[in-house]
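Undergrad: Just add 14 to the spot in the sequence shown (first one is 1) and you have this note's numbering.
Note that CB positions come from ideal geometry on N, CA and C, so glycine has one too.
Here the structure is a predicted model, which means the values were calculated and not measured.
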Amino acid sequence: MIYFYLLLSLTALYYSGRVLLFQLTHLIHRVGGDRRFLIIIWSLIFLPGTIIHELSHFFMAILVGARTGKIEVFPEFLDTENPDGGVALGSVQTPKLNIIQGVLVGLAPALTGLGLLVWLGSLILQSYNLATYQNLAFQIYLFFTVSNSFFPSRTDLNHAIPAAITAAVCIAIAWLVGVQFSLSISDGVASVSKVILVTILLGTTLNLFISFIFFILRKAINR
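1) Is the beta carbon of Ile65 closer than 8 Å to that of Ile55?
2) How big is the Cα-Cα spacing for Val117 and Pro176?
3) Taking all protein chains shown into account, decide if Ile138 is buried (16 or more other Cβ within 10 angstroms of its Cβ) or exposed.
4) Once you ignore the five residues that flank Tyr142 on each side, which residues in its own chain have a CB closer than 8 Å to its CB?
5) Pop quiz: Leu166 and Leu121 are said to be a contact at Cβ under 8 Å. What is the actual Cβ separation, rounded to whole angstroms?
6) Nearest CA to the CA of Leu27: which residue from Leu215, Ile227 and Ser105?
7) By the three-class DSSP mapping on this structure, what secondary structure does Ser105 have?
8) When we look at the beta-carbon of Met74 and count the other beta-carbons within 10 Å, is it buried (16 or more) or exposed?
9) Determine the direct distance from the alpha carbon of Gly192 to that of Pro62, and round the result to whole angstroms.
10) Can you find the residues in the same chain that come closer than 6 Å, C-beta to C-beta, to Leu222, ignoring five residues on each side of it along the sequence?
11) Which stretch, first to last residue, makes up the alpha helix (DSSP H) that contains Leu111?
12) Three or more C-beta pairs closer than 8 Å, one from the region 108-117 and one from the region 75-83: is that the case here?
13) Quick check on Ser70: buried or exposed, where buried means 16 or more other Cβ atoms within 10 Å of its Cβ?
14) Between which two residues does the alpha helix (DSSP H) carrying Asn149 extend?
15) Counting C-beta neighbours from all protein chains within 10 Å, is the total for Phe152 16 or more, i.e. buried, or is it exposed?
16) Considering only the alpha carbon of each residue, which of Val212, Met15 and Leu24 lies closest to Ser163?
17) Would you identify the three-state DSSP class for Thr25, choosing helix, strand or coil?
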C-alpha cells in the first residue's frame, strides 16, 4: 500500500507543478510578458534545480562508461524565428546509449532529486527548530527548485519506457510459469518510504501555496 501512496503523491507533486506553471504563466501575461520572457523567468527561478538535474545526467553517464559532451543549463530556443517554437531548459550531450545506460542516465535526476529532497527536508526541520530563519529561507528555496526539477523529461524516458515494458513482460511470464513473488517490505524500507512520502507531500503543499500567491497577485493586478 505504501507504494501506491508514493505513486499517488508523486502524481500530486507533478500536477501541482503544472498548476504553478499555469499561475505563473497567467501572471507574466497579465504584466505584459510574452512566452520567451516566461521561459527566462522560469529558468532563472529553477536554475539550481536545473543544474542538479543536468549534473545528475552527466555524472551518471560517466559512471556507466558513456561519453559526454557539453552541458547546457540555460534555456535554448530551438526555433529563433518562432516565439512559440520549442525550447530546451537544459541538456547534456551524450552519444547513443545502450538500454541499461539509457535507463540509468535518464533516471539519475529522479534518484538524485529524491535523495536531496529528503536531506533538505531534514535541514528545514532543523533550521525551524533552531529558529535560524536565514538558513530556513534558503533551504526552502532549494527544496522548491529541486522538487520541480527532478522529474525525468520525455527524452529521459526514451530508454526507461521500453525497459519498463520489457521488465513487466518478464515478470508476467515468470508469474505464468509459477514463480512466486513476495510483496512484503522490511521495516527499514517502510520507514524510508514514509519519509519520502512526507517529503513529497511537503513539496506539493509548497507548490500549491506559491500557486495561490501567484493567483492572488494576478487578481490584484486585474483590479
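TA: So, from the listed chains and residues:
1) no
2) 9 Å
3) buried
4) Leu150
5) The amino acid occupying residue 166 in the given sequence is Pro; Leu does not appear at that position. Contact holds; Cβ gap of about 6 Å.
6) Leu215
7) Three-state result, Ser105: strand.
8) buried
9) 48 Å
10) For Leu222, where only same-chain residues beyond five positions count, the Cβ hits under 6 Å are Ser30.
11) Leu111 -> no alpha helix (DSSP H), and no H or E assigned at all.
12) yes
13) buried
14) Start and end: Tyr147 to Ser161.
15) exposed
16) Leu24
17) helix
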